[in-house]
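Report on the following structure.
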Amino acid sequence: MGRVYLASSPGGRLVAVKTLLAEAAVGDADRERFAREVKLARRVKGIHTVDVVAADVEARPPWMATEYVPAPSLAELVQQAGTLPVGAVERVAAGAAEALLCLHRAEVVHRDVKPSNILLPPDGPRLIDFGISHAADTTRTMLTLGTIAFTSPEQASGEPSTTASDVYSLGATLFHLAVGRPPYTEVGDTLRLLSQVSRGQVDLSGLPPELEPLILPCLRTDPEERPEPARIVGQLADALADGPAPPGGTGWLPPAWARLVDEYGRRGQELQRGAARAPSPDAPTENLRNRGASGSPTRPYTRLHDHPRPDGGRPRPQGVRPRPERVRPSTGTGSPAGAVPAAAAETRRTEKAQKGWGGVFLLVAAVWFFALYQQNQDDGTSAGATSTGSSAGSSSGAGSQGYYTPPPSPTPEPEDLAFRAVSPGDCLDAYREGEDWNTDVPRTVDCDAASAYFWVSDTSDSFGSDCPTGAGRSYWSHVGTTGSTTLCVQRQFREGQCFVAKQSDKGAVQDGLLTNVWNCDADTVPSGYNQILRITGYYKAPKTIPRGFCSEDQYDRTSYWTWEVDDGKSVLCTTVA
Numbered sequence: 001m002g003r004v005y006l007a008s009s010p011g012g013r014l015v016a017v018k019t020l021l022a023e024a025a026v027g028d029a030d031r032e033r034f035a036r037e038v039k040l041a042r043r044v045k046g047i048h049t050v051d052v053v054a055a056d057v058e059a060r061p062p063w064m065a066t067e068y069v070p071a072p073s074l075a076e077l078v079q080q081a082g083t084l085p086v087g088a089v090e091r092v093a094a095g096a097a098e099a100l101l102c103l104h105r106a107e108v109v110h111r112d113v114k115p116s117n118i119l120l121p122p123d124g125p126r127l128i129d130f131g132i133s134h135a136a137d138t139t140r141t142m143l144t145l146g147t148i149a150f151t152s153p154e155q156a157s158g159e160p161s162t163t164a165s166d167v168y169s170l171g172a173t174l175f176h177l178a179v180g181r182p183p184y185t186e187v188g189d190t191l192r193l194l195s196q197v198s199r200g201q202v203d204l205s206g207l208p209p210e211l212e213p214l215i216l217p218c219l220r221t222d223p224e225e226r227p228e229p230a231r232i233v234g235q236l237a238d239a240l241a242d243g244p245a246p247p248g249g250t251g252w253l254p255p256a257w258a259r260l261v262d263e264y265g266r267r268g269q270e271l272q273r274g275a276a277r278a279p280s281p282d283a284p285t286e287n288l289r290n291r292g293a294s295g296s297p298t299r300p301y302t303r304l305h306d307h308p309r310p311d312g313g314r315p316r317p318q319g320v321r322p323r324p325e326r327v328r329p330s331t332g333t334g335s336p337a338g339a340v341p342a343a344a345a346e347t348r349r350t351e352k353a354q355k356g357w358g359g360v361f362l363l364v365a366a367v368w369f370f371a372l373y374q375q376n377q378d379d380g381t382s383a384g385a386t387s388t389g390s391s392a393g394s395s396s397g398a399g400s401q402g403y404y405t406p407p408p409s410p411t412p413e414p415e416d417l418a419f420r421a422v423s424p425g426d427c428l429d430a431y432r433e434g435e436d437w438n439t440d441v442p443r444t445v446d447c448d449a450a451s452a453y454f455w456v457s458d459t460s461d462s463f464g465s466d467c468p469t470g471a472g473r474s475y476w477s478h479v480g481t482t483g484s485t486t487l488c489v490q491r492q493f494r495e496g497q498c499f500v501a502k503q504s505d506k507g508a509v510q511d512g513l514l515t516n517v518w519n520c521d522a523d524t525v526p527s528g529y530n531q532i533l534r535i536t537g538y539y540k541a542p543k544t545i546p547r548g549f550c551s552e553d554q555y556d557r558t559s560y561w562t563w564e565v566d567d568g569k570s571v572l573c574t575t576v577a
């Protein structure tokens with residue numbers, strides 16, 4: 001099983017170090033597969049791929065260092081920021097097709113092209129992960145580890161993978177960018193999905209007509225009928241040449257995509273500056289080869305796709321108004337789903353701290369791997385030829401250089417400690433001010449306080465979001481000197497609070513930033529929004545929302561908009577502030 005760590009060279013260059021980690025000793029078959037991945041990755045050179053910086057397939061464990069690309073994957077971007085417009089899909093397609101062109105010219109078939117294996121920095125996509133790639137002249141007759149929803153019909157049928165298989169996967173990936181799902185009907189069953197894929201039984205509903213000439217040929221069932229990457233590049237070059245030239249940076253992306261890409265870039269620069277300032281290792285005293293390994297941007301913007309129900313205007317029948325149901329930790333014995341008692345929260349803190357130190361050691365180990373490579377290069381030997389196979393793990397030409405003392409563990413910054421101190425069940429007085437958090441540091445408050453804007457449903461010591469999604473839900477990630485912390489948060493709604501939204505010329509509210517708290521009397525709103533809505537009620541959701549549900553009485557003619565929140569269990573009533 002491979003894992004990837006962020007590390008830095010002695011000169012301060014950040015690299016991504018992939019290691020082959022296993023419960024027991026690495027077997028010959030695993031080592032051979034890893035060696036093949038390294039060999040294939042070294043074949044490929046292109047502006048839309050990542051270069052191998054160093055590798056040692058004989059090390060314990062084997063490792064490979066590639067250039068570090070501080071960018072989100074297409075999968076994360078779609079999940080957090082929605083779909084791409086036609087022009088942006090074409091630009092991503094051009095870069096991804098050029099990456100495939102480089103692979104195929106090097107006689108490499110990727111076999112695992114999918115949104116999570118394509119990163120998107122500002123200068124265009126980068127295709128990564130050659131873990132299940134193979135040489136074009138290698139015959140394989142079994143389904144590989146590639147994600148089924150993005151694999152080709154011939155792969156799903158157990159037939160050999162070819163360069164045309166990569167083109168099919170590219171088409172499925174581009175469809176995902178444009179529509180927000182793979183090109184198959186959701187069946188919820190792996191075998192049924194595999195059957196759909198093997199027959200080429202695609203569901204193309206929702207695909208913009210402008211993208212059909214690009215994507216449909218890639219998704220043809222017969223591999224012989226699919227275009228080659230060179231043809232796709234040429235087709236897109238003509239199309240993009242006819243359009244306006246994109247501005248520098250991320251100006252060609254939608255705002256939500258650009259914010260997430262830019263945030264990754266800024267955090268990458270901060271990490272690079274930190275790596276450059278890192279102290280050099282002292283005199284070697286310990287052999288890390290014999291030690292078992294124990295075991296990024298802040299506040300990425302999450303677009304919440306809310307679906308309002310415009311009020312029809314009829315008076316609501318007289319009766320008992322549903323009582324509001326607050327979904328948050330209570331001050332009594334009860335707690336909402338997902339809340340953690342104080343004792344459990346304290347245990348979580350301890351476990352999180354222990355995991356954090358394990359991550360620091362692994363990072364130091366990854367740095368050592370790269371430092372050893374540099375020493376071997378200075379001695380005129382290659383990293384792959386230095387291992388003697390002895391238990392001491394010494395390397396030819398390195399002598400005592402194979403022993404190393406890790407530098408002192410970094411001191412946590414106040415921000416790091418503040419994020420670590422937050423536990424599930426806590427409430428925060430932070431809120432989204434437009435599309436960013438109003439503070440850099442979370443602060444816990446009593447959940448009954450008027451300033452308790454968010455409830456923390458979960459925490460983790462990794463970067464990125466595995467948090468629940470939906471209206472009023474989000475996450476807050478922080479990358480510090482000693483690791484990462486992610487807080488899964490849920491908005492605490494109260495009557496009288498306001499948030500920003502988009503209202504069309506016809507009066508319909510199309511999008512509301514439910515994680516936002518805004519001054520109800522403000523004269524301005526964040527870019528991309530044009531209206532301020534006030535919460536007039538927060539109620540338990542009925543089976544169906546009747547007309548006039550939010551009206552104060554039968555004579556109320558105010559225009560209201562309702563929002564389903566808390567996974568459909570509650571309803572917000574709002575009106576223009």
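Just so you know, the working numbering puts 352 at position 352 of the sequence shown, and the rest follows in order with no gaps. Built from N, CA and C at the ideal position, the CB exists for glycine as well.
Discussion item. Please list the terminal residues of the continuous beta strand (DSSP E) segment that includes Asp511.
Written reply: Val509 to Gly512
Fill in: Arg443 versus Glu37 - alpha carbon distance
45 Å
Worksheet item: If you follow the beta strand (DSSP E) that Tyr538 is part of, which residue opens it and which one closes it?
Response: Gln531 to Lys540
Worksheet entry | Assigned secondary structure, Gly528 (DSSP; H/G/I helix, E/B strand, else coil) | In the three-state DSSP reduction, Gly528 falls in the coil class, being neither helix nor strand.
Worksheet entry | Coarse secondary structure for Asp30, derived from DSSP in three states | helix
Worksheet entry | Beta-carbon proximity list for Thr52, same chain, < 8 Å, skipping 5 on both sides | With the sequence shown as reference, residue 52 is identified as Val, and Thr is not the correct amino acid for it. So the qualifying residues of the chain are Val38, Ala41, Arg42, Met64, Ala65 and Thr66.
Worksheet entry | Cβ-Cβ separation, Glu90 to Leu216 (assumed contact under 8 Å), whole Å | Actually they do not touch by this definition, with Cβ atoms about 14 Å apart.
Worksheet item: What number of angstroms, rounded off, separates the C-alpha of Asp112 from the C-alpha of Ala164?
Response: 12 Å
Worksheet item: Relative to the C-alpha of Ile440, which residue among Gly95, Val479, Val17 and Cys447 is closest?
Response: According to the sequence shown, residue 440 is Asp rather than Ile. Of the listed residues, the one whose Cα sits closest to Asp440 is Val479.
Item to complete: Evaluate Gln80 with the Cβ neighbour count: other Cβ atoms within 10 Å of its Cβ, from every protein chain shown; 16 or more gives buried, anything less gives exposed.
Response: Its Cβ being crowded by 16 or more others within 10 Å, Gln80 is buried.
Discussion item. For the pair the region 188 to 203 and the region 151 to 163, tell me if three or more CB-CB distances fall below 8 Å.
Written reply: yes
Worksheet entry | Between the CA atoms of Val517 and Cys488 - distance to the nearest angstrom | 18 Å
Worksheet entry | First through last residue of the alpha helix (DSSP H) which encompasses Thr152 | According to the sequence provided, residue 152 is Ser. The question's Thr does not apply to it. Careful: Ser152 lies outside any alpha helix (DSSP H) and carries neither H nor E.
Fill in: Leu487 in three-state terms, based on DSSP
strand
Fill in: Nearest neighbour of Gln503, chosen from Glu186, Ser152, Asn519 and Gln531 [CA to CA]
Gln531
Discussion item. In the DSSP assignment, the beta strand (DSSP E) including Thr578 goes from what residue to what residue?
Written reply: Here the chain has residues from 1 to 577 only, and residue 578 is not among them.
Worksheet entry | Neighbour-count burial assignment, Asp238, 16 or more Cβ in a 10 Å radius | exposed
Discussion item. So for Ile118, helix, strand or coil by DSSP?
Written reply: strand
Item to complete: Pull up the distance between the alpha-carbon of Val197 and that of Pro182, whole angstroms please.
Response: 11 Å
Worksheet item: Using the C-alpha atoms, what's the distance from Arg220 back to Phe493?
Response: 49 Å
Worksheet item: Comparing alpha-carbon positions, which option in Lys18, Leu514 and Val50 lies nearest Ala35?
Response: Lys18
Worksheet item: Who does Thr444 pair with in a DSSP beta bridge?
Response: According to DSSP, residue pairing for Thr444 in a beta bridge involves Leu428.
Worksheet item: Less than 7 Å separating the beta-carbons of Gln490 and Trp437?
Response: Going by beta carbons, Gln490 and Trp437 fall outside the 7 Å limit.
Discussion item. Do Thr536 and Thr575 have their beta-carbon atoms positioned less than 7 Å apart in this structure?
Written reply: yes
Worksheet item: Gln79 lies in the alpha helix (DSSP H); which residues open and close that run?
Response: Element bounds for Gln79: Leu74 to Ala81.
Practice prompt. Compare the C-alpha of Val500 against each of Ala522, Ala230 and Gly507 and name the closest.
Written response: Of the listed residues, the one whose Cα sits closest to Val500 is Ala522.
Worksheet item: Looking at the structure shown, is Cys498 part of a helix, part of a strand, or coil, going by DSSP?
Response: strand
Item to complete: From the DSSP output, in three-state form, read off Ala256 for me.
Response: helix
Discussion item. Just to confirm, is the Cβ distance from Trp257 to Leu77 under 7 Å?
Written reply: In this structure, Leu77 lies closer than 7 Å to Trp257 by Cβ.
Worksheet item: Do Leu6 and Ala71 have their CB atoms nearer than 7 Å?
Response: no
Fill in: Whether Val92 touches Pro208 by CB criterion (7 Å)
No; because the gap between Cβ atoms is not below 7 Å, this pair is not in contact.
Worksheet entry | Pairwise C-alpha distance: Gly568 and Thr469 | If I take the Cα positions, the gap works out to 12 Å.
Discussion item. I'd like to know whether the C-beta atoms of Thr558 and Cys573 end up nearer to each other than 7 Å.
Written reply: no
Discussion item. Per the DSSP calculation, Glu433 is bridged to which residue(s)?
Written reply: Here Glu433 is bridged, per DSSP, to Asp436.
Worksheet item: In chain order, what residues of the same chain lie with their CB nearer than 6 Å to the CB of Tyr475, ignoring the 5 residues before and after it?
Response: Ser465, Cys467, Thr486 and Cys488
Worksheet item: Is it right to say Val422 is buried, meaning 16 or more other beta carbons lie within 10 angstroms of its own, or is it exposed?
Response: buried
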